[in-house]
């Protein structure tokens, strides 16, 4: 299992696709499928028929998973950066490649 470069709670920007340039927070990570779910990005709409429980029916909106290669970690100034791993003070930490800042988490 490879180390996770993007984890739940990280701020990311979408690099390609219909939501290119949008930013959000990772709300779920699916490492087995190399996918992440980002809040407010890649929203899928399902049409629900009226039922006795929900007599109105209507539209159900939810975020669909994105491939992890389509997102990049965001630095403090809002620009995308790659993530690398370094050993600092005897611990393996994630580091933003552009700035060299340690990424929390």
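Residue numbers (full-length UniProt numbering): 1 to 105. Every residue, glycine too, gets a C-beta built ideally from N, C-alpha and C. All figures in this text were calculated on a predicted structure; none of them were measured in a lab.
From 56, 42 and 77, residue whose alpha carbon lies closest to that of residue 48 | Looking up residue 48 in the chain shown gives position 48. Ranking the options by Cα distance to residue 48, first place goes to 56.
Report buried or exposed for residue 73, applying the criterion of at least 16 other Cβ atoms within 10 angstroms of its Cβ.
-> Here residue 73 refers to the residue found at position 73 of the chain shown. Under a 10 Å Cβ-count criterion, residue 73 is classified as buried, with 16 or more other Cβ atoms of the shown protein chains found around its own Cβ.
State the DSSP-derived secondary structure class of residue 70, mapped to helix, strand or coil.
-> Here residue 70 corresponds to residue number 70 of the chain shown, with the count starting at 1. Residue state for residue 70 is assigned as helix, using DSSP reduced to three classes.
Could you give the DSSP three-state label for residue 55: helix, strand or coil?
-> Looking up residue 55 in the chain shown gives position 55. Coil at residue 55, not helix or strand.
What three-state label does DSSP hand residue 32 in the structure shown?
-> Reading the chain shown from its first residue, position 32 is the one you call residue 32. Helix at residue 32.
Using the DSSP secondary-structure output, state which residues sit across from residue 102 in a beta bridge.
-> Position 102 of the chain shown, counting from 1, holds the residue named residue 102. Its beta-bridge partners are 95.
Own chain, CB closer than 6 Å to residue 1, minus 5 neighbours either side, in chain order = Residue 1 sits at position 1 when you count from the first residue of the chain shown. Because the pLDDT at residue 1 is just 41, under 50, the model does not fix this residue reliably, and the value given afterwards should be weighed accordingly. Cβ contact annotation for residue 1 (same chain, cutoff 6 Å, sequence separation greater than five): none.
DSSP on residue 11, reduced to helix/strand/coil?
-> By one-based count along the chain shown, residue 11 stands at place 11. In this structure, residue 11 counts as strand in the three-state DSSP scheme.
Between which two residues does the beta strand (DSSP E) harbouring residue 48 extend?
-> Working through the chain shown from its first residue, we reach residue 48 at position 48. Residues 43-48.
Please go through the same chain and pick out, in chain order, the residues whose beta-carbon is closer than 6 Å to the beta-carbon of residue 84, but skip the five residues on each side of it.
-> The residue given as residue 84 occupies position 84 in the chain shown. Around residue 84: 95 and 97.
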